[in-house]
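>
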DNA sequence: CTGAAAGCGCTTACAG
DNA sequence: CTGAAAGCGCTTACAG
């Protein structure tokens with residue numbers, strides 16, 4: 090038997106016969122520079138309409154696509170934005186990411202995915218990612234404590250925008266995009282007050298989280314406006330996950346077992362915490378909203394499918410993603426802080442909140 | 090007042106003083122080619138250990154990172170993998186994506202994000218994404234009907250792997266990576282049979298979905314092994330989302346209202362459908378698992394936090410992501426079909442399933 | 001306005 | 001084994 094015949098060069102040689110600008114120029118009978126100018130719509134190129142048409146046709150017929158590497162090497166930009174996320178599985182972060190992706194695409198940019206934890210750990214990956222012209226700029230999910238100084242370092246080299254947190258970096262200013270956290274929790278609190286709750290507890294994120302602090306401030310201000318206070322014993326700090334919500338409720342329930350009064354409503358620092366609380370409630374003999382109302386920050390697709398459906402306030406996550414790309418591409422003054430307030434926080438009342446008994 | 094002083098070239102000129110290979114070579118007192126060879130660990134480079142050390146030191150001291158554009162232009166690869174996803178908000182797809190990302194990073198590759206729907210709509214974006222050496226290869230989430238022929242077209246130009254679906258493309262063979270769908274649903278079905286259920290219904294995905302068909306086949310075979318059949322009236326087709334699960338249950342409930350017997354357990358085509366069913370059950374006067382057991386394909390972080398926690402079978406999503414990157418980088422024979430069976434499907438029994446009344 | 005020339009920063013046959 | 005030279009495919013001052 091003979092060796093099997095070589096297949097008709099399918100992708101054996103990879104990147105089969107890529108068509109170059111020179112091929113287009115040849116086909117159109119013009120020089121390479123002119124082809125370049127016409128294809129890039131250089132206003133200085135005043136070739137006859139007919140010539141232009143011939144070039145465009147040739148490019149189209151040959152299926153010409155510029156070689157990105159060659160182009161980037163010349164113009165020192167590559168149409169890539171680095172998106173550094175923290176937790177790929179959170180539906181909250183995902184909504185942000187959707188906005189970033191869509192707006193980037195609208196500007197003919199693509200997203201390159203990075204992972205906060207990995208970049209923090211692996212110095213080489215870190216440098217490769219932010220250096221070497223790999224990306225034109227960086228969008229970093231904010232709110233990760235220790236990462237901040239690192240971000241400041243990067244921002245000196247590469248246009249950088251922090252999304253979803255005000256810049257906490259003091260010495261160096263980094264552009265940041267964030268929502269009106271306080272207005273969000275104020276809305277939730279007012280909703281609960283309106284239902285008749287007078288003692289409200291909080292399951293918040295990590296104690297040192299700026300975002301968490303802002304959310305708590307919104308609760309405090311709404312309570313204060315009603316002449317009420319937030320009791321220290323009604324606040325618990327945990328992490329931003331469903332398991333955190335579960336742990337937070339366990340902690341509170343343990344306190345309540347010692348007797349005395351307890352809050353009739355809980356505000357969850359985010360909707361993952363809210364999910365954890367709903368999931369754990371039954372185990373503590375709590376029926377929601379009968380025994381306890383629960384409301385959370387951030388509306389995601391899951392909220393309405395939970396049992397019971399979760400009352401939330403939606404913050405403009407998608408729009409923040411959009412805005413962060415705009416800021417990045419506008420190469421705006423570093424250190425700008427953009428509050429995204431359109432749309433404003435919106436309350437989504439669902440069955441997890443009800444008047445207290 | 091004078092104009093404000095120009096800041097000390099922060100990022101005004103962008104990409105401040107990028108250090109080039111030539112700078113490293115100068116600093117080490119060697120030629121550029123030698124520096125290149127040593128830094129790339131070319132085994133042919135037999136400079137003295139001391140010279141090598143000097144080069145590496147210089148690179149380190151200067152913080153040298155190769156210019157990716159220049160490098161890609163030469164070697165015709167850029168360390169970028171295109172990941173084309175369908176629904177960024179699905180926790181199922183996300184788990185896949187995590188595996189892809191991690192394995193890509195392990196091979197010093199980064200991910201560029203594309204969107205199926207957008208690429209289908211926008212011809213220019215499509216060509217830009219797959220052509221022009223933007224990415225070295227493509228990983229495409231499978232199971233999107235109409236996209237298949239398109240994928241085949243791409244695969245002829247660019248190394249491509251379909252993940253999460255066997256290749257349905259007949260004429261041209263595209264490498265694909267998929268789980269043992271039938272084993273998964275067989276496990277769920279056997280679990281329900283073991284609990285004593287003898288009539289089991291299915292809320293599956295779209296009627297023309299290959300994945301859905303495979304999952305139904307697993308159910309059929311397990312039922313058949315027990316001498317049971319799947320009744321046509323107990324099957325409903327919907328979409329793969331929570332809203333689909335909601336609609337599917339509504340459809341079944343409407344049938345059941347006409348009287349007669351009904352299934353005592355339901356298998357959801359995926360866990361989003363399962364979430365929808367759990368969320369809608371109460372509205373149909375059904376208590377789960379008391380009146381109806383529910384089990385679903387794919388285990389995600391939410392499953393255990395649902396009310397009640399959802400019984401699922403986990404398929405190796407993360408590992409499929411990993412494997413798809415390996416296949417892509419191995420540039421394996423086109424048309425290979427890889428069944429990822431490690432780990433095998435695992436049953437996660439939770440409170441949404443119980444013996445029938 | 002257009003074309004010939006230079007050059008972006010690398011890698012790699014090619015001579016020595 | 002190492003260095004000088006060429007060249008990857010583009011864009012853009014620079015002359016004409």
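Residue numbers (the numbering used here), protein chains in the order written: chain A, 90 to 446; chain B, 90 to 446. Ideal Cβ positions, reconstructed from N, Cα and C, are used throughout, including at glycine. Owing to the predicted nature of the structure, the values given are computational and were not obtained by experimental measurement.
(1) What are the start and end residues of each continuous alpha helix (DSSP H) run of 4 or more residues lying completely inside the stretch 295-347 of chain A, in chain order?
(2) Counting only beta-carbon atoms, is residue 437 of chain A nearer than 7 Å to chain B?
(3) List the DSSP bridge partners of residue 108 of chain B.
(4) Output yes if chain A places a C-beta closer than 7 Å to the C-beta of residue 148 of chain B; else output no.
(5) State the DSSP-derived secondary structure class of residue 204 of chain B, mapped to helix, strand or coil.
(6) Just the chain B side, please: which residues come within less than 8 Å of residue 199 of chain A by C-beta, in chain order?
(7) Chain A partners of residue 395 of chain B, CB-CB under 8 Å?
(8) Given this structure, state the Cα-to-Cα distance separating residue 302 of chain A from residue 125 of chain B, to the nearest angstrom.
(9) Report yes or no: is there a C-beta of chain A within less than 7 Å of the C-beta of residue 136 of chain B?
(10) Note down, one range per segment and in chain order, each beta strand (DSSP E) of at least 3 residues found wholly within the stretch 127-201 of chain B.
(11) Using CA atoms only, rank isn't needed, just tell me which of B/155, B/156, B/120 and B/164 is closest to residue 143 of chain B.
(12) At a CB-CB cut-off below 8 Å, which residues of chain B make contact with residue 365 of chain A?
(13) In angstroms with no decimal places, state the Cα-to-Cα distance between residue 71 of chain A and residue 251 of chain A.
(14) Verify the CB distance criterion: does residue 316 of chain B have a CB-CB separation below 7 Å to chain A?
(15) Might you give, ordered along the chain, the residues of its own chain that have their beta carbon closer than 6 Å to the beta carbon of residue 384 of chain B, omitting 5 neighbours on each side?
(16) Report the neighbours of residue 157 of chain A on chain B: residues whose CB is nearer than 7 Å to its CB, in chain order.
(17) Exposed or buried, residue 222 of chain B, counting other C-beta atoms within 10 Å across all chains shown (16 or more means buried)?
(18) In the DSSP assignment, what residue or residues form a beta bridge with residue 356 of chain B?
(19) Beta strand (DSSP E) containing residue 429 of chain A: first to last residue?
(20) Inspect the beta-carbon positions of residue 193 of chain B and residue 202 of chain B and report whether they are closer than 7 Å.
(21) Could you give the residue range of the beta strand (DSSP E) that holds residue 389 of chain B?
(22) Can the beta-carbon of residue 418 of chain A be found closer than 7 Å to that of residue 196 of chain A?
(23) Nearest-angstrom Cα distance between residue 311 of chain B and residue 171 of chain B?
(24) Strictly under 7 Å for the Cβ-Cβ distance: is residue 161 of chain B near chain A by that measure?
(25) How about residue 353 of chain A and residue 437 of chain A: do their beta carbons lie closer than 7 Å?
(26) How would you label residue 382 of chain A, buried or exposed, when you count the other beta carbons within 10 angstroms and need 16 or more for buried?
(27) Of all the residues that make up the stretch 371-382 of chain A, which are near chain B by a beta-carbon distance shorter than 8 Å?
(28) Among the candidates B/117, B/185 and B/139, whose CA atom is the shortest distance from the CA of residue 411 of chain B?
(29) Whose Cβ in chain A lies nearer than 7 Å to the Cβ of residue 207 of chain B?
(30) Cα separation between residue 181 of chain B and residue 146 of chain A?
(31) By the 10 Å Cβ neighbour count, where 16 or more other Cβ atoms means buried, how is residue 167 of chain B classified, buried or exposed?
(32) Compare the C-beta of residue 329 of chain A against all C-beta atoms of chain B and say whether one is closer than 7 Å.
(33) Could you work out which residue in B/268, B/298 and B/322 is closest to residue 288 of chain B when comparing CA atoms only?
(34) Buried or exposed: where does residue 376 of chain A fall if 16 or more other Cβ atoms within 10 Å of its Cβ makes it buried?
(35) Taking 7 Å as the threshold (C-beta atoms), are residue 333 of chain B and residue 362 of chain B in contact?
(36) Go ahead and pull the three-state DSSP assignment for residue 447 of chain A.
Reading off the structure:
(1) 299-314 and 331-346
(2) no
(3) DSSP output for residue 108 of chain B lists no bridge partner at all.
(4) no
(5) strand
(6) 201, 202, 203, 218 and 223
(7) 368, 395 and 396
(8) 50 Å
(9) no
(10) 169-174
(11) B/120
(12) 394
(13) Given a span of 90 to 446 for chain A in the structure shown, any question on residue 71 of chain A remains unanswerable.
(14) no
(15) 277, 356, 400 and 442
(16) 221, 222 and 223
(17) buried
(18) B/291 and B/384
(19) 426-429
(20) no
(21) Here residue 389 of chain B belongs to no beta strand (DSSP E), and DSSP marks it neither H nor E.
(22) yes
(23) 38 Å
(24) yes
(25) no
(26) buried
(27) 371
(28) B/185
(29) 194
(30) 43 Å
(31) buried
(32) no
(33) B/322
(34) exposed
(35) yes
(36) Residue coverage of chain A in this structure runs from 90 to 446, which leaves residue 447 of chain A outside it and unanswerable.
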